[in-house]
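Below: one structure, written as C-alpha cells.
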Amino acid sequence: MKIFSGIKAVNILILLSLLLLPFFVLGGKYYVGGDDMRLYYVFPEKYVENFALNVVTDNTLAGASTGYASVAYFVPMLWVISVLKSLIPVNIQNLMYGVNLMLGYYFFSKFVLLITKKKINLSLILASLMYVFSPYLVGSLYKNQMLNLYLLSLLPVCLYFFYSGVSQKKYYKTVLSVLAFSVFSTTLNTLPWSLAFMIGASPLALYLFVENKAIFFKHFVLWVVIFILLNGYWMFHLINAHLVADGTKDTLAYYSSIEFVTDNLRVTSGVARLFNPLNIIFYNMTPGLRKFTLVDIVYVFPFFVLLFGLASHTYKRKLTLFWLAAFLLSWYLFSPNMGDFGVKAFLKASREIPYFTMFRNMYDKFALPLAFTYAIGVYWGLAKLRERKNAIKVVHVVFAVIIANGVMGYASSTRGDNFLTKSFSGKFNDDFINLTKYLERLPDSAKVLWLPLNSPTYLYVEDSESNYYFGLSPLRVLVDRTDVTGRFSFITRDNLFQGEKVFDLISKKAYKQVGDILKSQNVGYVVINNLPAPDSLKSFLYGGDNHPLLGIQNEAFYKEILGSKLNSFGSRYSLYRINDKYLGNTLYLDNSDDLVYSKKSSSEYNILVHQGADRKLFFNEPYHDGWELLSRSGEKINRYTEKRNINSWELPYGENSYKLEFKPAQFNYYLFRATAVFYLILIVFVTRTAYLDYNIAWRQKKK
Numbered sequence: 000m001k002i003f004s005g006i007k008a009v010n011i012l013i014l015l016s017l018l019l020l021p022f023f024v025l026g027g028k029y030y031v032g033g034d035d036m037r038l039y040y041v042f043p044e045k046y047v048e049n050f051a052l053n054v055v056t057d058n059t060l061a062g063a064s065t066g067y068a069s070v071a072y073f074v075p076m077l078w079v080i081s082v083l084k085s086l087i088p089v090n091i092q093n094l095m096y097g098v099n100l101m102l103g104y105y106f107f108s109k110f111v112l113l114i115t116k117k118k119i120n121l122s123l124i125l126a127s128l129m130y131v132f133s134p135y136l137v138g139s140l141y142k143n144q145m146l147n148l149y150l151l152s153l154l155p156v157c158l159y160f161f162y163s164g165v166s167q168k169k170y171y172k173t174v175l176s177v178l179a180f181s182v183f184s185t186t187l188n189t190l191p192w193s194l195a196f197m198i199g200a201s202p203l204a205l206y207l208f209v210e211n212k213a214i215f216f217k218h219f220v221l222w223v224v225i226f227i228l229l230n231g232y233w234m235f236h237l238i239n240a241h242l243v244a245d246g247t248k249d250t251l252a253y254y255s256s257i258e259f260v261t262d263n264l265r266v267t268s269g270v271a272r273l274f275n276p277l278n279i280i281f282y283n284m285t286p287g288l289r290k291f292t293l294v295d296i297v298y299v300f301p302f303f304v305l306l307f308g309l310a311s312h313t314y315k316r317k318l319t320l321f322w323l324a325a326f327l328l329s330w331y332l333f334s335p336n337m338g339d340f341g342v343k344a345f346l347k348a349s350r351e352i353p354y355f356t357m358f359r360n361m362y363d364k365f366a367l368p369l370a371f372t373y374a375i376g377v378y379w380g381l382a383k384l385r386e387r388k389n390a391i392k393v394v395h396v397v398f399a400v401i402i403a404n405g406v407m408g409y410a411s412s413t414r415g416d417n418f419l420t421k422s423f424s425g426k427f428n429d430d431f432i433n434l435t436k437y438l439e440r441l442p443d444s445a446k447v448l449w450l451p452l453n454s455p456t457y458l459y460v461e462d463s464e465s466n467y468y469f470g471l472s473p474l475r476v477l478v479d480r481t482d483v484t485g486r487f488s489f490i491t492r493d494n495l496f497q498g499e500k501v502f503d504l505i506s507k508k509a510y511k512q513v514g515d516i517l518k519s520q521n522v523g524y525v526v527i528n529n530l531p532a533p534d535s536l537k538s539f540l541y542g543g544d545n546h547p548l549l550g551i552q553n554e555a556f557y558k559e560i561l562g563s564k565l566n567s568f569g570s571r572y573s574l575y576r577i578n579d580k581y582l583g584n585t586l587y588l589d590n591s592d593d594l595v596y597s598k599k600s601s602s603e604y605n606i607l608v609h610q611g612a613d614r615k616l617f618f619n620e621p622y623h624d625g626w627e628l629l630s631r632s633g634e635k636i637n638r639y640t641e642k643r644n645i646n647s648w649e650l651p652y653g654e655n656s657y658k659l660e661f662k663p664a665q666f667n668y669y670l671f672r673a674t675a676v677f678y679l680i681l682i683v684f685v686t687r688t689a690y691l692d693y694n695i696a697w698r699q700k701k702k
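When you line the sequence shown up against numbering that gives the first Met the number 0, it's residues 0 to 702, in that order.
Printed below as a string of C-alpha cells:
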C-alpha cells in the first residue's frame, strides 16, 4: 500500500507538471502564425462573429472563393475558448496546451489499465510519458500546433470512454465519448488526423468487437447516430451542397476531382519517398546526421524493449496480436517508404479510395496512432522486464533520458523555434488597428488587395511590443472583410492554379489581365505594406533567395493597379482605391451605377435600385442556385437566363427595394437551436446517470 501511495503521489506530481509545462516553455506571450493563425486564442468571439457561421461567402481565411461550404464545426471549440478566456485570467493558449498534455498522459494510462486490468506502476508512467513526448508527435503535432493538437488527449479520452462503455455495458460513457469528440475535435477540420487514428487503432476496435459482439454493435450505432445529430448543423450543408447541382464543385466533389487527386498524387509521391527524420520508424532527433550515432541508438532502444515484451508476453495473447496489427498498420501508413512496393501501394490507395489523398503527408497524419500503439508496446516490454530486477533499473534510467530528450524536443517545437511561429503580445500595432477600423467603416463589401503579393499568402504585422504576427491575414476575423495577399487567395472551385497564372502574368508584364482577374475577384481596395519583410522571411515569401516574386512587382505594375489614395496609417500602410477600370463590385447593374446596397450578413443583402435604372442586376460571387432575389413584397425574382452560371436577375419595373438571400443559410436558425437542445438533453442524461452510477458504486464499496 505504501508503494502504491508513492506511485500515486508521483503520478499526481507528473500531472501538475504537465499542466504547468507550457507556462514555463512559452512564458506570458501567445505563439501565433502560420496556416492555422492561432489567433482564436486571442479573438475567439471574432472568429465566431465574422467567420465560423458563414456558409457561402467569407468562409475562408485565405481569401479564396470556395462557394457553398459551412465552417461551423469550429463553433463548439471557439465557444469553449471564449468561455475559458472570460473566466480564467491567464494565457489561455498555455492553459489549454497544459490541459492537453495532462489529459493525454492521464487517459492513455487509464486506457492501458482498462485493457490490461493492471494497476498503475512505474512502467506505465514511463510508457504514458513516452506517448505524450513521443518524437513522432514532437516533429508533427507540436511543431505545427494546429487544432489537431488536441487530438493527443481527445482520442484517448474518446477511446477510453467508448471501450469502458462497451465492456461495462454503460451507455452514458459512450454518449460522453461522442460528446467530447463533437465539442473538442472541430470534426471536419481535423478529419485527416482523427480518421488516421481510427484506421491505425482499428485492430484494437476489432478486438473489442470480438470480445463483446452484440453490445459493441449497439454502442457503435448509438455513437454514430448521436454524432450525426450533434453535428447536423454543419453536415446538412456539406450534404446539401453535394446533392444540389449548382454549376460549381461542392466540397466533396472538389476533394475527389481529378485535378485535386492528380496534384495530391504528385505531392504524395515526393513525400512518401522522402528519407528524413520524420519518415523513418527510428526517429532521429538531429536532422542531417549521416552516421549511426548515439542519437539513433537511444531511439532504437525502445523498439527492442517493445519486441522483447511482444516475444515474451503471455498475458492476453489475443489482445497482444490485435495490438501488433494496429502497430504494424500505423507503422506502414506513417512511413510507406519500405521499398518500392510500399510507395506504390500507398499511391494506389490514393487513386482508388475516395478522399484517401487527405493522408498525403502521412508522417504527419499517422504520427498519433504510431505514438499511441508504440507506447502501448513499450509498456508491455517494460512490464515484462520488471521481472528482471537488475535489468529494469537500467532500463528505467534509459527511458528517463529518452523522455527528458522528448520534453526538450517538445519545448523547442512548441516555443516556435521556426520562422513561421512568432511570439505575440495579444495586440497589434496602432497603425494596423487604425487601418482595420477604417476598413470596417467602408460601406461596401469589396475585397482588399495587399501589395506586394507573396507566395504563401501570408501577412506580417508588428504587434504593440515590436514582435510580429506572421501568417494568414487576420482581416476576415477582425473586421469581417476578405482580402487577397498571395497565391492561394486566387483559388476558385473551378481553378486551383489561378494564383500561379497571376504571378506568371505579372512576370510577363500583362498587367491588364491581372487587373481583370482582380475585378472578377471583386477587389476594390489596395493596401501597400510599406514595412519591409524581415530578412529571415523574404525567401519564403517571395520565391527563393533572389526574391523573384518581389522583383516582378515593380513600379509599372503598381501604377497600373493603383487608383486614388484614400489614407495613410503611420509609415506602415497606405490605402488606395483600385484603378477605376478594374473596379468591380459585389452587386452592380449593367451599364448603371444607380444602386445602393448594405450587407446584413454573408448570406443576405438589402438592395435599393433607382426607378429609372437599368433592370439587370449582377452579383459578383461564386454562382449558386441557392441565391434568391426577393421583392419588398416577398415575390421571387426570376434569374436573367442569358447569363448562365452567373448570379444575375431581370428586375421588374415598379420595384426598387429588394432582398438577396442564400436560401440554405435560413436552415441555420433551426439547426443551431435543435443542436443546442440536443446537447443540453445529452449533458443532463450523462450527468444524472453518472451521478447515480457513482452512488451505487460508493454504496457497494461501503458495504
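Cβ atoms here follow ideal geometry from the backbone N, Cα and C, with glycine treated the same way. Since this is a predicted model, take the numbers as computed values, not measurements.
Original post:
From which residue to which residue does the beta strand (DSSP E) around I527 run?
Top reply: Within the sequence shown, numbered from 1, the residue matching residue 527 stands at position 528. V522 to N528 is the span of the beta strand (DSSP E), which, as asked, contains I527.
Original post:
What residue does the beta strand (DSSP E) around N646 start on, and which one ends it?
Top reply: Here residue 646 is taken as the residue at index 647 of the sequence shown, counted from 1. N646 -> beta strand (DSSP E) spans N646 to E649.
**OP:** Return the Cβ separation of T484 and W449 in integer angstroms, given the expectation that the two are a contact with Cβ distance under 8 Å.
**Re:** Translated into the one-based positions of the sequence shown, residue 484 becomes position 485. Translated into the one-based positions of the sequence shown, residue 449 becomes position 450. Sure, about 5 Å apart at Cβ, within 8 Å.
**OP:** List the endpoints of the continuous alpha helix (DSSP H) containing I680.
**Re:** Start at 1 with the first residue of the sequence shown, and residue 680 comes out as number 681. Start and end: F666 to K701.
Subject >> Nearest residue (CA-CA) to I91, options G425, I490, T491 and V525 >> reply: Position 92 of the sequence shown, counting from 1, holds the residue named residue 91. Selected option, being the one with the closest Cα: G425.
**OP:** May I ask you to report which of helix, strand or coil DSSP gives T292?
**Re:** Residue numbering aside, residue 292 sits at position 293 when the sequence shown is read from its first letter. Interpretation of T292 is limited by its pLDDT of 40, a score under 50 that renders its predicted location unreliable; no figure is taken from the coordinates.
**OP:** Grab me the residues of K109's own chain with a C-beta within less than 6 Å of its C-beta, minus the 5 sequence neighbours each way, in chain order.
**Re:** The residue you call residue 109 lines up with position 110 of the sequence shown. In the same chain as K109, and ignoring 5 residues on each side of it, the C-beta atoms closer than 6 Å to its own belong to Y159, in chain order.
Original post:
Can you tell me where the alpha helix (DSSP H) with V82 in it begins and where it stops?
Top reply: By one-based count along the sequence shown, residue 82 stands at place 83. V82 -> alpha helix (DSSP H) spans V74 to L86.
**OP:** Indicate whether the contact test is met: 3 or more Cβ pairs, each with one atom in the region 139–159 and one in the region 642–658, closer than 8 Å.
**Re:** With the rule of 3 Cβ pairs closer than 8 Å, the region 139–159 does not count as touching the region 642–658.
Subject >> Coil, strand or helix - G5 by DSSP >> reply: Your numbering for residue 5 matches position 6 in the sequence shown. Correct three-state label for G5: helix.
**OP:** Would you check if the region 314–326 and the region 205–223 touch, i.e. whether three or more CB-CB distances between them fall below 8 Å?
**Re:** Judged by Cβ distances under 8 Å, the region 205–223 makes contact with the region 314–326, as three or more pairs qualify.
Original post:
Taking the continuous alpha helix (DSSP H) assigned at K109, which residues delimit it?
Top reply: As a first step, residue 109 must be located in the sequence shown, where it is residue number 110. Following the DSSP letters along the chain, one finds K109 inside the alpha helix (DSSP H) bounded by residues I91 to T115.
Original post:
Helix, strand or coil for F185 per DSSP?
Top reply: Mapped onto the sequence shown, residue 185 falls at position 186. Looking at the sequence shown, residue 185 is not Phe but Thr. Correct three-state label for T185: coil.
Original post:
Which one of G66, V47, V522 and L616 has the shortest CA to CA distance from W78?
Top reply: By 1-based counting over the sequence shown, the position of residue 78 is 79. Nearest of G66, V47, V522 and L616 to W78, Cα basis: V47.
Original post:
With which residues is E48 paired in a DSSP beta bridge?
Top reply: Translated into positions along the sequence shown, residue 48 becomes position 49. E48 pairs with nothing; no bridge assigned.
Original post:
Going by alpha carbons, who is nearest to A499 out of P455, K169 and L17?
Top reply: Taking the first residue of the sequence shown as position 1, residue 499 is located at position 500. Contrary to the premise, residue 499 reads as Glu rather than Ala in this sequence. Looking at the Cα atoms, P455 is the closest of the given residues.
**OP:** Specify the secondary structure class of P276 as computed by DSSP and reduced to three states.
**Re:** Sequence index remark: in the sequence shown, residue 276 carries index 277 (1-based). Per-residue confidence for P276 stands at a pLDDT of 44, beneath the threshold of 50, marking its modelled position as unreliable; the derived number appears in the next sentence. Coil.
**OP:** Specify the secondary structure class of G653 as computed by DSSP and reduced to three states.
**Re:** Within the sequence shown, numbered from 1, the residue matching residue 653 stands at position 654. Three-state DSSP puts G653 in coil, outside helix and strand.
**OP:** Check N283 in the structure and name its three-state DSSP category.
**Re:** The residue you call residue 283 lines up with position 284 of the sequence shown. Reliability of the predicted coordinates at N283 is poor, the pLDDT of 40 falling under 50, and the value obtained from them is presented with this limitation in mind. Look at N283 here: in three-state DSSP terms it is coil, with no helix or strand label.
Original post:
What does G470 pair with, by DSSP beta-bridge criteria?
Top reply: What you label residue 470 is simply residue 471 of the sequence shown in a count that begins at 1. The partner list for G470 (beta bridge, DSSP) reads G33 and L458.
Original post:
Under the three-state reduction of DSSP, which class applies to F661: helix, strand or coil?
Top reply: Position 662 of the sequence shown holds residue 661. Three-state DSSP puts F661 in a strand.
Original post:
What whole-angstrom Cβ distance do F684 and V174 have, given they're in contact under 8 Å?
Top reply: For the purposes of this step, residue 684 is taken as residue 685 along the sequence shown, with counting starting at 1. For the purposes of this step, residue 174 is taken as residue 175 along the sequence shown, with counting starting at 1. Indeed they touch by this definition, with Cβ atoms about 7 Å apart.
Subject >> Rounded C-alpha distance that separates L15 from N49 >> reply: On the sequence shown, position 16 is the one that residue 15 refers to. On the sequence shown, position 50 is the one that residue 49 refers to. Taking the straight line joining both Cα atoms gives about 37 Å.
**OP:** Quick one: residues in its chain with C-beta nearer than 7 Å to the C-beta of E258, no 5 flanking neighbours on either side, listed in chain order?
**Re:** Walking along the sequence shown from the start, residue 258 turns up at place 259. Result list for E258: L495, in chain order.
**OP:** Quick one: using the 10 Å Cβ neighbour count with 16 as the cut-off for buried, is I680 buried or exposed?
**Re:** Start at 1 with the first residue of the sequence shown, and residue 680 comes out as number 681. Classified as exposed, I680 has fewer than 16 neighbouring CB atoms from the shown chains inside 10 Å of its CB.
**OP:** Tell me, please, which residues DSSP counts as bridged to F617.
**Re:** Taking the first residue of the sequence shown as 1, we reach residue 617 at position 618. As computed with DSSP, F617 is found in a beta bridge with Y587 and S647.
Original post:
With DSSP run on the structure shown, which of helix, strand or coil describes D57?
Top reply: What you label residue 57 is simply residue 58 of the sequence shown in a count that begins at 1. Under the three-state reduction of DSSP, D57 is assigned to coil, being neither helix nor strand.
Subject >> Limits of the unbroken beta strand (DSSP E) element including R576 >> reply: Mapped onto the sequence shown, residue 576 falls at position 577. Counting along the chain, the unbroken beta strand (DSSP E) around R576 starts and ends at Y572 to I577.
**OP:** Please report how far the alpha carbon of S181 lies from the alpha carbon of V224, in whole angstroms.
**Re:** For the purposes of this step, residue 181 is identified with residue 182 of the sequence shown, where counting begins at 1. For the purposes of this step, residue 224 is identified with residue 225 of the sequence shown, where counting begins at 1. Whole-angstrom Cα-Cα distance: 12 Å.
Subject >> C-alpha gap between A8 and Y232, whole angstroms >> reply: Taking the first residue of the sequence shown as 1, we reach residue 8 at position 9. Taking the first residue of the sequence shown as 1, we reach residue 232 at position 233. The C-alpha of A8 lies about 44 Å from the C-alpha of Y232.
Original post:
Alpha carbon to alpha carbon, how far is P88 from F423?
Top reply: Counted from its first residue, the sequence shown places residue 88 at position 89. Counted from its first residue, the sequence shown places residue 423 at position 424. Our two residues, P88 and F423, have alpha carbons roughly 17 Å apart in a direct line.
**OP:** For the alpha helix (DSSP H) containing G321, list its first residue and its last residue.
**Re:** Here residue 321 refers to the residue found at position 322 of the sequence shown. Here residue 321 turns out to be Phe, not Gly, going by the sequence shown. Counting along the chain, the alpha helix (DSSP H) containing F321 begins and ends at R316 to F333.
Original post:
What are the residues that DSSP puts in a beta bridge with T491?
Top reply: Position 492 of the sequence shown holds residue 491. Beta-bridge pairing by DSSP links T491 to S64 and N494.
Original post:
Who are the Cβ neighbours of G103 in its own chain at under 6 Å, not counting the five residues just before and after it?
Top reply: As a first step, residue 103 is located in the sequence shown; it is residue number 104 there, counting from the start. For G103, same chain residues with a beta-carbon under 6 Å away, outside a window of 5 residues either side, are V131, L151 and S152 in chain order.
**OP:** Under the assumption that P703 contacts L38 (Cβ atoms under 8 Å), give the Cβ distance between them as a whole number of angstroms.
**Re:** Absent from the model: residue 703. The displayed extent of the chain is 0 to 702, so no value can be given.
Original post:
Looking only at its own chain, which residues have a Cβ that is under 8 Å from the Cβ of M95, when we skip the five neighbours before and after it?
Top reply: To locate residue 95, count along the sequence shown from 1; it is residue 96. Cβ neighbours of M95 beyond the five flanking positions: Y40, I80, L83 and Y149.
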